[in-house]
Each structure stands twice: as C-alpha cells, then as structure tokens.
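Numbering (the numbering used here), first residue to last: 1379 to 1478.
Encoded as structure tokens, the structure appears first; notes follow it.
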C-alpha cells in the first residue's frame, strides 16, 4: 500500500508539472492544428459545404455564449432577484402565502 501511495504522489506531481509547462500546451495546440488540417483540407479541396456549416455553428455558439456570459446573464439574474423580492413583498402586504 505504501508504494502505491508514493506512486500516486509522483504521478500527481508529474501531472502538475505537465499542466504548468508551456511546452505541454504548445504540443496540444500543434496536435489539434494538425488534426483539423487533416480533416478539413480534403473537404475544402472537394468544395464541400461542411466546413462552412461547421464555421457557422462554431461562430453562433461562441457568440451566444459570450452574449449570455458577459451581457445577459448578470441582468437576467438581477431581474429575477428583483421579481422574487417584489413578489415576497406583495404576498406579505396582501396576506397571501406564496405556495398555496
């Protein structure tokens, strides 16, 4: 059991060392770029519509996510909190229980 614990410790230490190293991310980026090029190059050469659809979907996902995270998310949460407080005040003023 003791040797397993030491092995786990060194495995975790090497993992932390790996994720801190810029070379790890450079290698991952190079691998991803190569894979994408190998996948899309034949599609572009053959005139396929698939890359266009992928670009459009990726752009939409990124735009809507950014819009929600940076613009609407905070405002929607604030509005919901305001409505909740207003309803609680209304219920207390009119003697109504919220869950009837």
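Cβ coordinates follow ideal geometry from the N, Cα and C atoms, glycine included.
Here's a check: name, in chain order, each residue in its chain whose Cβ is nearer than 8 Å to the Cβ of residue 1422, leaving out the five neighbours to either side. Cβ within range, chain order: 1429.
Inter-residue Cα distance where the pair is residue 1389 and residue 1452: Each residue's alpha carbon lies about 40 Å from the other.
Using the C-alpha atoms, what's the distance from residue 1396 back to residue 1466? Residue 1396 has its alpha-carbon roughly 52 Å from the corresponding atom of residue 1466.
Please confirm whether residue 1475 and residue 1468 have their CB atoms less than 8 Å apart. With contacts defined as CB atoms closer than 8 Å, residue 1475 and residue 1468 fail to qualify as a contacting pair.
Put residue 1451 into one of helix, strand or coil per three-state DSSP. It is helical.
Taking only three categories from DSSP, how would you classify residue 1426? Correct three-state label for residue 1426: coil.
How big is the Cα-Cα spacing for residue 1454 and residue 1460? Near 10 Å, if we compare the C-alpha coordinates of residue 1460 and residue 1454.
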